[in-house]
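Take a look at the structure set out below.
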Amino acid sequence: MSSRRKIPNILVTGTPGTGKSTLCSELETRTMCLEWINVGEVAKQNKCFESFDDQYKCHVLDEEKLMDEIQDKMDDEIGGKMVDYHGCDFFPQRWFDAVFVLRTDTKLLHDRLTGRGYEGKKLEDNLQCEIFQILLDEARSAYDEKIVHELISDSPEQLEDNLEKISKWVEEWKNASQ
Ligand code: DAT
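Per the UniProt record's numbering, residue 1 is the first one in the sequence shown, and the count goes up by one each step.
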């Protein structure tokens with residue numbers, strides 16, 4: 001646990017389509033103490049991109065520039081920052097008090113991603129990423145395993161469950177740090 005922060009910082013990670021934005025947006029509203037730092041939006045607004053990947057039809061994140069943009073917020077003494085990204089090993093460990101890894105059943109993820117227009121290699125690679133639990137393993141090797149939590153995100157009921165679990169955890173952390 002950080003010795004300075006009053007409110008915990010959390011990282012929400014997982015394969016695209018597992019529900020990171022949905023969870024963060026709802027958590028921001030419910031907890032009233034977590035500010036969502038939407039990495040995709042911050043990167044877009046500040047042009048934190050290195051190049052354009054023609055195969056995946058997306059921008060490649062300039063991780064250093066992105067981290068420069070959010071560093072002051074992440075290191076402040078208040079805390080309460082919630083970051084979501086489909087990657088996690090480039091963020092400094094000190095930024096986070098908990099890492100939540102969202103997981104989704106392959107068939108459901110397939111439907112969510114095709115609904116979003118993913119196809120071909122981009123679709124296949126993202127499904128493989130989930131099948132081989134790449135993000136979970138990445139989180140477990142980049143952070144203390146004790147702060148890494150796997151959350152299943154297949155259904156609206158599980159979303160609700162996850163929101164309750166995280167909200168409760170945040171309150172407990174705040175109480176323990178007083
Ligand atoms: P991500 O930000 O990880 O790319 P998202 O929040 O945009 O994912 O969610 C992708 C889609 O899945 C979107 O249509 C909302 C839906 N969704 C998210 N979490 C869900 C859940 N637990 N149950 C059912 N649908 C969910």
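Glycine included, C-beta positions come from ideal geometry on N, C-alpha and C.
Computed from a predicted structure; not experimentally measured.
Would you tell me roughly how many angstroms separate the C-alpha atoms of residue i and residue j, rounded to the nearest one?
| i | j | result |
| --- | --- | --- |
| D62 | E50 | 5 Å |
| K44 | D84 | 14 Å |
| D75 | V101 | 22 Å |
| T22 | E28 | 10 Å |
| E157 | V12 | 18 Å |
| G115 | K107 | 12 Å |
| G120 | Q178 | 51 Å |
| E77 | W95 | 11 Å |
| M82 | V148 | 14 Å |
| K57 | G117 | 11 Å |
| N126 | R4 | 37 Å |
Would you grab the beta carbon distance between residue i and residue j for me? Rounded to a whole angstrom, and I think it's under 8 Å.
| i | j | result |
| --- | --- | --- |
| L109 | G17 | 5 Å |
| E69 | N38 | Not quite, the Cβ-Cβ distance comes to about 12 Å (not below 8 Å), so this is no contact. |
| D97 | I10 | 7 Å |
| C48 | K73 | About 14 Å separates the two Cβ atoms, so there is no contact after all. |
| C24 | V170 | Not really, about 13 Å apart at Cβ, beyond 8 Å. |
| S35 | G80 | Residue identity check: residue 35 is Glu in the sequence provided, not Ser. 6 Å between Cβ atoms; contact. |
| K20 | G14 | 6 Å |
| V60 | D54 | Contact doesn't hold; Cβ gap of about 11 Å is too wide. |
| C88 | A142 | 6 Å |
| R103 | E150 | 6 Å |
| D154 | D105 | 5 Å |
| C129 | L123 | That belief does not hold up - the Cβ atoms of C129 and L123 are roughly 11 Å apart, past 8 Å. |
Go ahead and pull the three-state DSSP assignment for residue i.
| i | result |
| --- | --- |
| S51 | strand |
| R103 | strand |
| N175 | helix |
| L61 | strand |
| T22 | helix |
| N162 | helix |
| H86 | coil |
| K121 | helix |
| K81 | strand |
| T13 | strand |
| F38 | The question names Phe, yet the displayed sequence has Asn at residue 38. Strand at N38. |
| D76 | coil |
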